[in-house]
Amino acid sequence: MRTIEQTTNEILDLAARQFSVPRESLAPTDDFYKKLGLDSLQALEMLTRLEQHFGIELPDYEMQGVTDFGTLAGRIQARL
Amino acid sequence: MNSFSGKTLSWSVQDSAVELELHSAPCNEIGSEMLADLEQFAAALDGLSQQASAVIIYSSRKEGFSAGANLRELYQKSLPLDEAARLTGVREFLHRIHAVLNTLDDAPLTTIAAVHSVCFGGGFELALACDLIIADKMARFCFPELRLGLIPGFGGIPRLHRDLGNAVVRDLLLTGRSINAQKAAAIGLVSQVAGEGEALRLARATAAQIAKFDHTTSAAAKRFLKPIPHEELRREIDLFCELFTRPAVMEGLRKFTESSDAMPYLP
Chain A
1 MRTIEQTTNE ILDLAARQFS VPRESLAPTD DFYKKLGLDS LQALEMLTRL
51 EQHFGIELPD YEMQGVTDFG TLAGRIQARL
Chain B
1 MNSFSGKTLS WSVQDSAVEL ELHSAPCNEI GSEMLADLEQ FAAALDGLSQ
51 QASAVIIYSS RKEGFSAGAN LRELYQKSLP LDEAARLTGV REFLHRIHAV
101 LNTLDDAPLT TIAAVHSVCF GGGFELALAC DLIIADKMAR FCFPELRLGL
151 IPGFGGIPRL HRDLGNAVVR DLLLTGRSIN AQKAAAIGLV SQVAGEGEAL
201 RLARATAAQI AKFDHTTSAA AKRFLKPIPH EELRREIDLF CELFTRPAVM
251 EGLRKFTESS DAMPYLP
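Same order as they appear, the protein sequences are chains A and B. Here the first sequence is numbered in this note's numbering, starting from 1 and rising by one per residue. Here the second sequence is numbered in this note's numbering, starting from 1 and rising by one per residue.
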């Protein structure tokens, strides 16, 4: 079972790869919409990549209102 | 008509398949222009079936297969009209798109939707009229209509019900969530999951396989397996029109057209 820290780190790794940004530039408290300039298509793509990586289903409404990596990690952790 | 190039789509016969390319920016929203082009395609299908054994529908827009009905057009056209005129316009549009999708559903060719990224609402309903859905692993399927106070209006509920059963329809419709290609394959909606950017290639390989079979036998098998749920489709139009007259719908459309939310398909 992953710890919340591991889950958060894996999300940050994944986001860095998807958006081609240095991993060290991302932190759990970052607002990913602002930091990565996420549009609706990219938000969907991130959702799909998260589902594939963690092998879970993450309904869109679980992402609604979530803006930082740490909170997102919590939502994912609850489904692992 | 062997080939066509319209504002929103084009088609041509490649080997033994008709390839219908959707290319309307931003993401193949189905409004009056695409409907008119789709009507041309539906009218040509009979002739095309003499030259091909399969149809492949795909999108050349990177944004996805189709984001669904053109809600901005629907809102802008509805705004100046009174309730009766609004309803007349919507009902006429629905009858026209149903006629197109019924023709596609019933076509004597094997039809394949090659789907990537966004396949929402009316776009999902277009894919559901096809015999097979081949999806890129990044594809997502969704019926977001309830956020507008509506149900899907292009035949999606009856077709999904026919193909997969009531529980799947309830899950997708009543939660409004989107599902990925793997989940869609697991529930039987998607027949093959392709790697990123590979759905069209897989669809072409599938069409080449389909071409090896006797055309008449394939068409007969399809007729036997895939009856069009006419009565449910008719009731869907009535229910959609009944819901459409409520003020909440125009408010939902306004909110959607003005939204800059990253997930505008959620309420």
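Positions of the beta carbon are idealized from the N, C-alpha and C atoms, including for glycine.
Taking 8 Å as the CB-CB limit, is residue i close to chain B?
i	result
residue 57 of chain A	yes
residue 80 of chain A	no
residue 13 of chain A	no
residue 41 of chain A	yes
residue 44 of chain A	yes
residue 60 of chain A	yes
residue 5 of chain A	no
residue 10 of chain A	no
residue 71 of chain A	no
Locate the beta strand (DSSP E) running through residue i, then write down its first and last residues.
i	result
residue 166 of chain B	From DSSP, residue 166 of chain B is part of no beta strand (DSSP E) but of the alpha helix (DSSP H) over 166-175.
residue 136 of chain B	132-136
residue 293 of chain B	Absent from the model: residue 293 of chain B. The displayed extent of chain B is 1 to 267, so no value can be given.
In whole angstroms, what separates the C-alpha of residue i from that of residue j?
i	j	result
residue 239 of chain B	residue 9 of chain A	48 Å
residue 86 of chain B	residue 74 of chain A	45 Å
residue 198 of chain B	residue 81 of chain B	44 Å
residue 139 of chain A	residue 203 of chain B	Missing from the structure shown is residue 139 of chain A; chain A here goes from 1 to 80 and no further.
residue 114 of chain B	residue 1 of chain B	22 Å
residue 17 of chain A	residue 55 of chain A	18 Å
residue 77 of chain B	residue 154 of chain B	19 Å
residue 45 of chain A	residue 30 of chain A	19 Å
residue 59 of chain A	residue 168 of chain B	15 Å
residue 64 of chain A	residue 78 of chain A	16 Å
residue 25 of chain A	residue 67 of chain A	16 Å
residue 131 of chain B	residue 49 of chain A	28 Å
residue 13 of chain A	residue 23 of chain A	6 Å
residue 189 of chain B	residue 21 of chain A	36 Å
residue 5 of chain A	residue 15 of chain A	15 Å
residue 247 of chain B	residue 179 of chain B	30 Å
residue 211 of chain B	residue 18 of chain B	12 Å
residue 61 of chain A	residue 144 of chain B	12 Å
Can you check whether the C-beta of residue i is within less than 8 Å of a C-beta belonging to chain A?
i	result
residue 183 of chain B	yes
residue 180 of chain B	yes
residue 138 of chain B	yes
residue 177 of chain B	yes
residue 39 of chain B	no
residue 249 of chain B	no
residue 168 of chain B	no
residue 193 of chain B	no
residue 63 of chain B	yes
residue 268 of chain B	Residue numbering for chain B in the displayed model covers 1 to 267; residue 268 of chain B lies beyond these limits and cannot be assessed.
With distances taken from CA atoms, which of the options is nearest residue i?
i	options	result
residue 105 of chain B	B/40, B/43, B/226, B/253	B/226
residue 8 of chain B	B/16, B/33, B/1, B/15	B/33
residue 201 of chain B	B/1, B/4, B/14, B/213	B/14
residue 260 of chain B	A/68, A/40, A/32	A/40
residue 123 of chain B	B/111, B/110, B/140, B/107	B/140
residue 53 of chain B	B/75, B/109, B/94, B/92	B/109
residue 61 of chain B	B/189, B/83, B/94, B/20	B/20
residue 241 of chain B	B/95, B/46, B/215	B/95
residue 35 of chain B	B/70, B/56, B/47	B/70
residue 138 of chain B	A/38, A/52, A/69, A/61	A/52
residue 42 of chain B	B/68, B/97, B/215	B/97
residue 19 of chain A	A/57, A/36, A/71	A/36
Note the first and the last residue of the continuous alpha helix (DSSP H) segment covering residue i.
i	result
residue 18 of chain A	4-19
Does at least one heavy atom of the ligand SAH sit under 7 Å from the Cβ of residue i?
i	result
residue 47 of chain A	No copy of the ligand SAH appears in this structure; indeed no ligand is present at all.
Please specify which runs of the alpha helix (DSSP H), each continuous and at least 4 residues long, are wholly inside the stretch 89-124 of chain B, giving them in chain order.
As far as the stretch 89-124 of chain B is concerned, it has no whole alpha helix (DSSP H) run of at least 4 residues.
4-residue-minimum alpha helix (DSSP H) runs that sit fully inside the stretch 25-61 of chain B, ordered along the chain
For the stretch 25-61 of chain B, whole alpha helix (DSSP H) runs of length 4 or above, ordered along the chain, are 32-48.
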